[in-house]
Structure formats: C-alpha cells, structure tokens
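Please read the structure below before turning to the comments.
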Amino acid sequence: MNDQSTTLPPRLSEIVDDFQFAEGREKLELLLEYSEKMPPLPDWLAQDHSQMDQVHECMTPVFVHAERKGEGLYFYFDIPPESPTVRGFASLLAEGLNGLTPQEILQVPGDFYLQMGLDQALSHQRLNGISAMLAYIKRLAARYMD
C-alpha cells in the first residue's frame, strides 16, 4: 500500500489499492466496470438539468450535481455512455467520496489518481479531464463549507 493512500478517505483508498494491483489493460477494464455501475440520475435531476453544473474543462460533456444530506455530500453525474473512461472515473469518485463532509473532500490530493497508475493507461488529455472533474467536485464541496 502506498503511504499517500492512507491520507485518502477509506473507500477511495480501497479503490486506489484495487487499481494499484491492476496492470496495464486491467486498469481500463476496472474503469469500464465503474462506468457500468454509474447509477442513473434521479428523476428530479434528469427532468431538470439546470440544477447541474457542467465541467467545461472536459472535452466530454460532464455534468455534476452535489447534494448535502446531513453532514455529507453526494454527487450525481451525467456523462454520455460513449465516454466510458470518463464515466468510470466519475463513478469511482462518487463511490469514493459520497457521504464525506466538505472538509474531507477538500483534503483529497488533487493528483491522487496518479497513485492508481492511470497516467500509464490514459492519454494526457483524459488525465487533464479527470483532474478537472476532481477540482470541480472540490469547488462544489467548498460551497458547502459551514
């Protein structure tokens, strides 16, 4: 286990560990599995996209919404199925971050995905997009700081 992953929230740390054990093409296959696990938008969001923010830095149309439930934040993404790697990363972000407080989300290192070895499996352009997605989630979390 990487020392840096101990600073990650528990579920995100587990995800990072899974990717660290995967080699080469297996990393892409894991992303595809996460892509398939992305839940559909709740009806109230699917019917009113105006409540979602677009991550303009991504070439793929990425829309995200943060909702506070108690102390934790929950993220909903809308990303076309034709972009499975981007969907996969968004899905693993949601799984790894959902339920955390805004403060916990803001403490996630902006380049934690490098610990996963994604820089070996994805293009520089895709890496920029996923970095932008995480930065945007952190901006949304900052809006909910007390």
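Under the working numbering, the very last position in the sequence shown is 193; numbers go up by exactly one each time. Here a beta-carbon is modelled for each residue, glycine too, at the ideal position from N, C-alpha and C. For clarity, every value in this text was computed on a predicted model and none was experimentally measured.
Discussion item. With a threshold of 7 angstroms on Cβ separation, who are the neighbours of A69 within its own chain once the five nearest residues in sequence on each side are excluded?
Written reply: L77
Item to complete: Taking V118 as part of the alpha helix (DSSP H), name the residues at either end of that continuous run.
Response: Val is not the amino acid found at residue 118; the sequence shown has Glu there. Taken as a continuous stretch (DSSP letters only), E118 belongs to no alpha helix (DSSP H), as it is neither H nor E.
Fill in: Option nearest E83 by Cα separation, candidates G157, S138, I177
S138
Worksheet entry | Outcome for Q162 when other beta-carbon atoms lying within 10 angstroms are tallied against a minimum of 16 | Taking a 10 Å sphere around the C-beta of Q162, we find 16 or more other C-beta atoms and assign the residue as buried.
Worksheet entry | Among L92, Q98, M106, the one whose alpha carbon lies nearest that of L174 | M106
Fill in: alpha helix (DSSP H) runs contained entirely in the segment 49-120, provided each spans 4 or more residues
Runs of the alpha helix (DSSP H) inside the segment 49-120: 57-68, 72-84, 90-93.
Item to complete: Look up D125 in the DSSP assignment and say whether it is helix, strand or coil.
Response: Strand at D125.
Discussion item. Taking 7 angstroms as the limit between beta carbons, can you name the residues of its chain near T148, skipping five residues before and five after?
Written reply: Counting only Cβ-Cβ distances below 7 angstroms, and skipping sequence neighbours, we find E118, G119.
Practice prompt. Determine the closest residue to L75 out of S130, G143, S60, P87, with distance taken between C-alpha atoms.
Written response: Minimum Cα distance to L75 is reached at S130.
Discussion item. For M99, tell me which candidate among P87, R190, L88, H112 has the shortest Cα-Cα distance.
Written reply: Cα-wise, what sits closest to M99 is H112.
Worksheet item: What separation, rounded to the nearest whole angstrom, lies between the Cα atoms of Q101 and L88?
Response: 15 angstroms
Discussion item. So the candidates are L153, Y121, E73; which of them puts its Cα closest to the Cα of L169?
Written reply: Checking every option, the nearest Cα to that of L169 belongs to E73.
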